[in-house]
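Residue 1317 in the working numbering sits at position 151 of the sequence shown, with consecutive numbering throughout.
To start, the structure itself, in structure tokens.
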Amino acid sequence: MPTLREWKERRPASDIKQTVEFYHPSFGYYRVVNNLFRAATFGGNEFEPARFSVTEPAQDGTAVISMTITFIAASEHVRQTLKAWRGAGRMTPINCLYQQWNAIGDAVSMKNWTLFVTDISADGSNVTVNSGKTNPLTLANPIIYTTKDYPGLITV
């Protein structure tokens, strides 16, 4: 039986469907599928069409796992959705789930990466989302400041 890598090398890359799912309590689930013109269902969830490119995590055994997703065209909806992450809501990270699917309507994905959004940058036409395995809220400071321990943060 061929490995996933061997199978992907023989198969046209355009057939593999890529989906990205962002989740945060401030905006809920935001699901998009790459290179389609209408909404599609994967794993029982509906994904909106979008155009993006993905730089997948390196498979070379390095300790740092990071992935870059660049939304190329019509990125205004992505920009407006991710702008909802502000105020006290910034104390919770944005979760990012990147999946590869064999065909539209599949119930189980071929490959999953569950990451945290570490950085979001935007220019006039593109939105770039960097994500990694490490929760960015605990990276610089091991203490997580919550409103339970520090009630003054409620006013932020």
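Just so you know, even glycine gets a beta-carbon here, dropped at the ideal spot from N, CA and C.
Along the chain, where does the alpha helix (DSSP H) containing residue i start, and where does it finish?
i	result
LEU1263	Element bounds for LEU1263: not the alpha helix (DSSP H) but the beta strand (DSSP E), 1261 to 1267.
THR1247	1242 to 1248
Of the choices the options, whose alpha-carbon is the least far from that of residue i?
i	options	result
ALA1269	GLN1184, ALA1216 and GLY1298	GLN1184
THR1221	PHE1213, PHE1237, GLU1214 and GLU1212	PHE1237
THR1304	GLU1242, PRO1259, THR1169 and GLY1253	PRO1259
GLY1255	THR1312, PHE1213 and THR1280	THR1312
THR1280	GLY1271, LYS1314 and THR1300	THR1300
LEU1263	ASP1181, PRO1168, LYS1249 and HIS1190	HIS1190
PHE1193	THR1247, PHE1213, HIS1243 and PHE1203	THR1247
MET1257	PRO1215, SER1287, ASP1289 and ILE1320	ILE1320
Using a 10 Å radius around the Cβ and a threshold of 16 neighbouring Cβ atoms, would you call residue i buried or exposed?
i	result
TRP1173	exposed
MET1233	buried
THR1284	buried
ASN1296	buried
GLN1225	exposed
TYR1196	buried
PHE1203	exposed
VAL1230	exposed
VAL1274	exposed
How far does the beta strand (DSSP E) with residue i in it reach, from first residue to last?
i	result
ARG1217	1211 to 1221
ALA1288	1277 to 1288
THR1294	1293 to 1298
THR1234	1232 to 1239
ALA1273	Element bounds for ALA1273: n/a, residue is neither H nor E.
Assuming residue i contacts residue j under a Cβ cut-off of 8 Å, what Cβ separation, rounded to an integer in Å, is found between them?
i	j	result
ALA1206	VAL1199	5 Å
VAL1293	ARG1245	5 Å
TRP1267	PHE1208	5 Å
List, from N- to C-terminal side, the beta strand (DSSP E) runs of 3 residues or more that fit wholly inside the stretch 1174 to 1199.
1183 to 1190
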